[in-house]
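Just so you know, we're using our numbering here: the sequence shown kicks off at 4 and counts up by one.
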Amino acid sequence: MNTYIALLRGINVGGHRKIAMPELRSLLEKNTLKKVSTYIQSGNVVFQSENESPIELELILEKAIEAHFGFSVGVIVLPFQAYKRMAINNPYLKANPPIEKLYVSHLKQTPTAENIAKLAEFNCEKDQYNLDKQTIYLLYDEKVSSSKLSNNLLENKLKVMATTRNWKTTLKLIEMGESTIQ
Numbered sequence: 004m005n006t007y008i009a010l011l012r013g014i015n016v017g018g019h020r021k022i023a024m025p026e027l028r029s030l031l032e033k034n035t036l037k038k039v040s041t042y043i044q045s046g047n048v049v050f051q052s053e054n055e056s057p058i059e060l061e062l063i064l065e066k067a068i069e070a071h072f073g074f075s076v077g078v079i080v081l082p083f084q085a086y087k088r089m090a091i092n093n094p095y096l097k098a099n100p101p102i103e104k105l106y107v108s109h110l111k112q113t114p115t116a117e118n119i120a121k122l123a124e125f126n127c128e129k130d131q132y133n134l135d136k137q138t139i140y141l142l143y144d145e146k147v148s149s150s151k152l153s154n155n156l157l158e159n160k161l162k163v164m165a166t167t168r169n170w171k172t173t174l175k176l177i178e179m180g181e182s183t184i185q
């Protein structure tokens, strides 16, 4: 069995696209996923599957969610070990910033060089980002809610689906993945 992290984009935000986590877990278990667990209401899922293709798993989850809940949701599936490496490779950890200033955005595809250049032209003010293929490490100077460097901006500039998590959630998903393996 392989362990995976699934990140759903834009659910349970502002009363829109509501998905109850117990209902989501049940749905995913009916679609051959094992040891399904969720963290908070924003669409963080840890599960096991014999399937070795994250892309196939994304399609399975997206189709099942749309068929059951009646709306489409973008899903990014990452193998657990790759997710752990992503966290370890965060270039901002060396400076030991406050955890509430660290975020990570996951991209559905690697953006084109042209679109990466468009993001580079954007004035982030004091906020910082570091793009590594399909991962954007974010370090906010102040509150994320007051930053112009938002998930929507990343999607608009890079022309790919993105979903962003705070560092506390990232660490919790690693903890959950570790316990799933044992």
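Here a beta-carbon is modelled for each residue, glycine too, at the ideal position from N, C-alpha and C. Remember, it's a predicted structure, so these values are computed and weren't measured experimentally.
Boundaries of the alpha helix (DSSP H) in which residue i is found, first to last residue
i    : result
P25  : 24-33
L152 : First-last for L152: undefined, no H or E at that position.
F72  : 57-72
S182 : 170-184
Three-state class that DSSP yields for residue i in the structure shown
i    : result
Y42  : strand
G16  : In the sequence as presented, Gly is not what sits at residue 16; that position holds Val. Three-state result, V16: strand.
K160 : helix
F83  : helix
Residues that residue i bridges to, as DSSP identifies them
i    : result
N133 : Y140
N118 : Note: N118 sits in no beta bridge, so no partner.
V78  : L11
T167 : S108
V147 : Note: V147 sits in no beta bridge, so no partner.
Start and end residues, beta strand (DSSP E) containing residue i
i    : result
A98  : Neither: A98 is in no beta strand (DSSP E) and is coded neither H nor E.
N54  : Per DSSP, N54 belongs to no beta strand (DSSP E) and is neither H nor E.
N5   : 5-11
L110 : 105-110
CB of residue i within 9 Å of CB of residue j, strictly
i    : j    : result
K136 : L96  : no
S40  : R28  : yes
V80  : L174 : no
T166 : S108 : yes
F72  : R12  : no
L141 : L105 : yes
I139 : V76  : no
K87  : G180 : yes
N5   : F74  : no
Q51  : K37  : yes
P57  : Y7   : yes
K160 : N126 : no
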